[in-house]
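Going down the list, the sequences are from chains A and P.
Counting in my numbering, the first sequence runs from 3 upward without gaps.
Counting in my numbering, the second sequence runs from 908 upward without gaps.
All residues carry an ideal CB built from backbone N, CA and C; glycine is no exception.
Here's the structure we're looking at; comments come further down.
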Amino acid sequence: MSNIDLNLSVGGPQGGGIDTSSNMISRAFASSGYNVLGVREFHSNIKGRHSYVHLRIKQERPRSLKYPLDFLVALDPDTIFEHLDDVSTGSTVIYDKNDESSELSQARMIMRDTFKRINSTLQENGFELNVKGALELMKKRGARIVGIPFSKVVEGVELDGPATRYANVLGASLTLSIIGLDRKFTKGSLKHIFGSKEKVIELNGKVVDAAYDYCSENKLSGKTLADKDAPPRMLLTGNDAAALGKIMGGLRFQTYYPITPASDESAILEEHEHIKWLSSENEMLTKGGITVVQTEDELSAITMAEGAALTGARTATATSGPGFSLMAEAISFAGIDEIPVVITLYQRGGPSTGLPTRNGQADLMFALNTGHGEFPKMVMSSGDVEECIYDSMSALNYAQRYQLPVIHLIDKNLANTSDFVPKIDTRLVKVDHALKTEHRDDFKRYTLNTDNGISPMGYFGKDIFWMTGDEHDELGHVTEDPVIRDQMMVKRFRKLQLAAEEIPDSEKVLVYGKKDAKITFITWGSQKGVVLDVIEALKARGIEANLLYLRMFEPFPSKFVQDFLSKAGTVIDVESNMTGQAAKVIRMNTGIEITNFILKYNGRHITEDELVSATKEIVGKKNKTVVLENGA
Amino acid sequence: MAHNFRSDVAIDWCPGCGDFGIVTGLTQALSELNYGPNDVVAVSGIGCSGKTPHYLNIAGVHTLHGRSIPYATGVKLANPRLKVIVTSGDGDMLSIGAGHFVAEGRRNTGLTIILYDNEVYGLTKGQAAPTMALGERTKGLSKPNIYGKVNPITLALSSGYSFVARGFSFDTKHLKDLVKKALVHEGSSFIDVLQPCPTYNNINTMEWYKSRVYKIDDEKGWDPVVLPDTPAQKVNEKFNNAYSRGLEWEDKIPIGVFFDNRAIPSFVKRIAENVPDYLTNPPSDQIVAGPDGFTNVDPFKTFADRVI
Ligand SMILES: Cc1ncc(C[n+]2csc(CCOP(=O)(O)OP(=O)(O)O)c2C)c(N)n1
Ligand code: SF4
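So this is what it looks like as structure tokens:
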């Protein structure tokens, strides 16, 4: 197998089949034994605006993405303009030759401000304001330009509908041929994607052949890459992973109100209402499925999930910032009434509807402080697709075990990252149940007779008990008695203390790299991978760095973090927000103030190259805060 | 022995409040239907009405302001065997909770919803509720009501509720019969209960209502029932009759069953068509792990389409 490391972007109009192109490339490489990591970037638009997928292909599993691109595949003129700055020496640009004469002024789908920026870049460098000019600039910057007349490639091929409909498959096939992947893998990917749609597979297969034939006739084909057998793997996005984790974790009731990027998770759950079981020896174990309800709003989503939880069902909801804002009151209710419920919070760029389809990590403080009054809740976060599976299982478990709301943070970048997961360990996380009552007549749902704060759960339909959002007595009836109030507050918070004691530090925080490294990065969420890659890149230059990776914010591993940071060298906080929220949480819990920041809040994913150079700036003491700006 | 549906919690409503009659009607209906204590759950919102579950000797949840319907829907959908009663005020259900009220009509889950209709916000001291008429001025208001009125009956009909009725809290026997009908109805049932609030509403008093209410059920030829084989034209006719009776107010106020459509499948039934074993093994009852405590789900089979 060749040791390749390729960064590749396929861009085109939203709705133009970018997902299929990226899927073809990912799956073709996967079946020849490579690994691919991908992030999807798109506008809040259904058809027309620029969207692209950034992929990295390696033999070992890639953890981050990098610029400049090795391949830019432009399915439309906008892509050439939008990614003007993403290519450099060694890049190959593949585009439709017929687009060459397209004027920048005709690229109506480019955002006004982006348009102005591209316009002045071309003008300042003295190039024509069209695709040709842009390509010349790219060429001047060292890129290899490969123009292919797309329509000509498929001339004579009998297709169903206009050739433009196949641009995505054609673009992917040309690229794979130029890179040097054997045609059988490219064709094989069609079967993965289109499944039983024989006719579609056949038609697209002809497009693949045409592309490969064209490349070989025109001496464009790359040297054939070696391949080898790889174990079966799953290609999962963060959304998929969260859904899968929930299914494995025993979720039986999910509510949602549509919002990007959260609703994909619920759609996936809906497709998998019928669970596939490990074995069917015990009939009871193979009965049932998941009920997914699309509600009228988020107020309904969270309250419906809580209502369902009162019957014993494992319930969850998924949302993003604006919807989570609406849920705050009911999260407080789950707090006082000790209702197990999971809220998967997909962060995106805020405030308000902010950047609805772009990345953000600015809801950490809000998640921690959500809801009025003081009550125990848990806040955890995942950083890659694999973690997302197990964390979603754990979130359901913790909600049950401690009878409280659990907020599981995922960011848009992770939600829309696709990665290969080779193995799923069904025995890594045990399915934990709530402490249950024996059904008795004098059942006290909120008994104070407990050392660890956990009163046995009762379930509607099986036990009689009451609940109220007001302070309540042991039976669940309203009380304003000052003594009971104090006891209930203490009882509820005792559970959080229990969680802090019981859950091992390794589930809350991880350290990667040598303990005594000169540089310590702090990060959370989807930045984990890119920081790990940067640590390796720095090591190659003789600089030792490590990572303090945060996974749980409530309960917070205060002592561990304090011990670790008090011995650390240069500490740099890396986050996708403007105010360094994780650093604030650290200061709140440990008193340690972090002063170096690498932050990104333009909604795009952090790439390895920009993180390396930002680190150099900080270590070289040029700056204490570096704001990252890459991204189309 | 029949279960005692009244809990031993002391009721703290004002003397003379119409809410007492609703609790009486409710508990009597539950007894007469011979329900067991674990067959029924009460869900309320916030307000004087919101306290109802505490006064009932069945499991109950006194939820957030306006959110009783989605809470109740969660309970019902996770365990469809349960009868779920929603008790909510006019402010609670038709102002802050209006979106849920309409959505529930579309769902027709199978809840029994009882509106404590006193035209005022009781617990927050008498502000105008959405059921109060424009220009009306009860004693708690410094100026006449500046809002128009929502009509709960026609709103419920328009939203799709399959059982729509009105009761009067001082006619507990009639109210009890309505509740019984509502509880056995398969889809969602809605009962608008005229509930005098002597503390804040000095206009729509017990006497005011008593001189106006009349029972439509007693009228010859009144038949609000729609069956699966009722022809479409007949359904429209029944709906229109219900709607125009729903508009009556002032001199004569109809109580009784306006519309009883048994042909629309409940949301519970609609889900059962998608999820196998939903009714026999609902979310509340499913075993979610193998005997060893680990997941009984096969990830590679579940996501077979993502395996390469
Ligand atoms: C979100 C929220 N807003 C406001 C309140 C304050 N509040 C308590 S009771 C109530 C009015 C209830 O009126 P109604 O539903 O008509 O019931 P009634 O008291 O008349 O039975 C309000 C607004 C609250 N508890 N929660
Ligand atoms: S304020 Fe009105 S509605 Fe509330 S308890 Fe008193 S009389 Fe009843």
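Enclosing alpha helix (DSSP H) for residue i [first to last residue]
i        : result
G323(A)  : 323-339
G866(P)  : An answer regarding residue 866(P) cannot be provided, because it is not within the stretch 908 to 1215 covered by chain P.
H1007(P) : 1005-1014
I620(A)  : 610-621
S394(A)  : 387-404
S28(A)   : 20-33
Q499(A)  : 484-504
Chain P within 8 Å of residue i, Cβ atoms only
i       : result
T481(A) : no
S33(A)  : yes
T166(A) : no
E331(A) : yes
G455(A) : no
S383(A) : no
T470(A) : yes
Y400(A) : no
H374(A) : no
L312(A) : yes
E275(A) : yes
H85(A)  : no
V295(A) : yes
M3(A)   : Below a pLDDT of 50, predicted positions are generally treated as unreliable, and M3(A), at 49, falls in that range; the measurement from the model is reported next regardless. Judged by the 8 Å Cβ criterion, M3(A) is not in contact with chain P.
Where the beta strand (DSSP E) containing residue i begins and where it ends
i        : result
Y348(A)  : 343-349
A135(A)  : Per the sequence presented here, residue 135(A) reads as Gly, with Ala not at that position. From DSSP, G135(A) is part of no beta strand (DSSP E) but of the alpha helix (DSSP H) over 133-142.
M236(A)  : 236-239
A307(A)  : From DSSP, A307(A) is part of no beta strand (DSSP E) but of the alpha helix (DSSP H) over 300-311.
G1074(P) : 1070-1075
R988(P)  : Segment: none, R988(P) is in no beta strand (DSSP E) and carries neither H nor E.
Cβ of residue i within 8 Å of any chain A Cβ
i        : result
P1183(P) : yes
F1201(P) : yes
T934(P)  : no
T912(P)  : Residue identity check: residue 912(P) is Phe in the sequence provided, not Thr. For F912(P), the answer is no, since every Cβ of chain A falls outside 8 Å of its Cβ.
V1195(P) : yes
K1208(P) : yes
V1057(P) : no
D1205(P) : yes
N941(P)  : no
R988(P)  : yes
S1191(P) : yes
V930(P)  : no
P1051(P) : no
P960(P)  : yes
V1175(P) : no
Outcome for residue i when other beta-carbon atoms lying within 10 angstroms are tallied against a minimum of 16
i        : result
R114(A)  : exposed
R29(A)   : buried
M3(A)    : Because the pLDDT of M3(A) is 49, which lies under 50, any placement of that residue in the model is unreliable, and the question is left without a value.
W526(A)  : buried
L540(A)  : buried
T239(A)  : buried
H441(A)  : exposed
N1168(P) : buried
N1025(P) : buried
N5(A)    : exposed
L601(A)  : buried
E300(A)  : buried
Strand pairing of residue i, partner residues [DSSP]
i        : result
R1044(P) : DSSP output for R1044(P) lists no bridge partner at all.
H410(A)  : T346(A), M382(A)
Y461(A)  : Per DSSP, none; premise fails for Y461(A).
A320(A)  : T346(A)
Y97(A)   : A76(A), G149(A)
G1163(P) : R1073(P)
V431(A)  : Bridge partners of V431(A): none, in fact.
**Request:** Starting from the N-terminal end, write out each residue whose C-beta falls within a distance shorter than 6 Å of any non-hydrogen atom of ligand 1.
**Result:** Going by the Cβ distance cut-off, the answer is I953(P), G954(P), C955(P), S956(P), H972(P), G996(P), D997(P), G998(P), D999(P), Y1023(P), N1025(P), V1027(P), Y1028(P), G1029(P), L1030(P), T1031(P), A1036(P).
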